[in-house]
Amino acid sequence: MALPDFSMRQLLEAGIHFGHQTHRWNPKMAPYIYGARNNIHIIDLSQTVPLLHQALKQVSDTVAKGGRVLFVGTKRQASDIVADAAQRSAQY
Numbered sequence: 655m656a657l658p659d660f661s662m663r664q665l666l667e668a669g670i671h672f673g674h675q676t677h678r679w680n681p682k683m684a685p686y687i688y689g690a691r692n693n694i695h696i697i698d699l700s701q702t703v704p705l706l707h708q709a710l711k712q713v714s715d716t717v718a719k720g721g722r723v724l725f726v727g728t729k730r731q732a733s734d735i736v737a738d739a740a741q742r743s744a745q746y
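So in this note's numbering, spot 33 of the sequence shown is number 687, and the numbers just go up one at a time.
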């Protein structure tokens with residue numbers, strides 16, 4: 655299966671760069687934060703793109719070797735979407 659191809663522009667248009675409110679964050683994320691705007695952290699997409707490609711490759715390799723993937727969602731609003739994605743990919 656081919657890995658999805660995406661660009662930094664597509665991630666920007668999807669709003670992936672918007673993080674949490676500046677007063678609700680984990681300091682361990684500091685290296686990945688580009689800045690803040692309107693009290694919202696902006697995620698550094700120049701780091702996100704290659705790291706996301708790396709993560710997708712790892713998941714793909716795991717599944718290709720017969721491994722399983724556990725989908726975890728911590729937001730109630732996304733629970734149906736996460737469950738649907740897990741079912742469509744025959745994972746958990």
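A virtual CB, placed ideally from N, CA and C, is assigned to each residue, including glycine.
These figures come from a predicted structure and were not determined experimentally.
Three-state class that DSSP yields for residue i in the structure shown
i    : result
Q626 : Outside the shown range of the chain, which is 655 to 746, sits residue 626, and nothing can be said about it.
Y746 : coil
H707 : helix
A690 : strand
Best match in the options for proximity to residue i [C-alpha to C-alpha]
i    : options                : result
R691 : Q712, G721, H677       : H677
D698 : H707, L706, Q708, I687 : I687
R663 : M683, S700, K711, P681 : S700
R722 : A732, A740, Q731, L706 : A740
D659 : L710, V736, L666, D738 : L710
Residue i and residue j closer than 8 Å at C-beta
i    : j    : result
G673 : I696 : yes
T702 : I670 : yes
L657 : S743 : no
Q712 : F725 : no
N693 : Q708 : no
Test: residue i CB closer than 8 Å to a CB of chain C
i    : result
G673 : No chain C is present in this structure, which holds just one protein chain.
Range of the contiguous beta strand (DSSP E) that encloses residue i
i    : result
Q731 : Here Q731 belongs to no beta strand (DSSP E), and DSSP marks it neither H nor E.
H674 : 672-675
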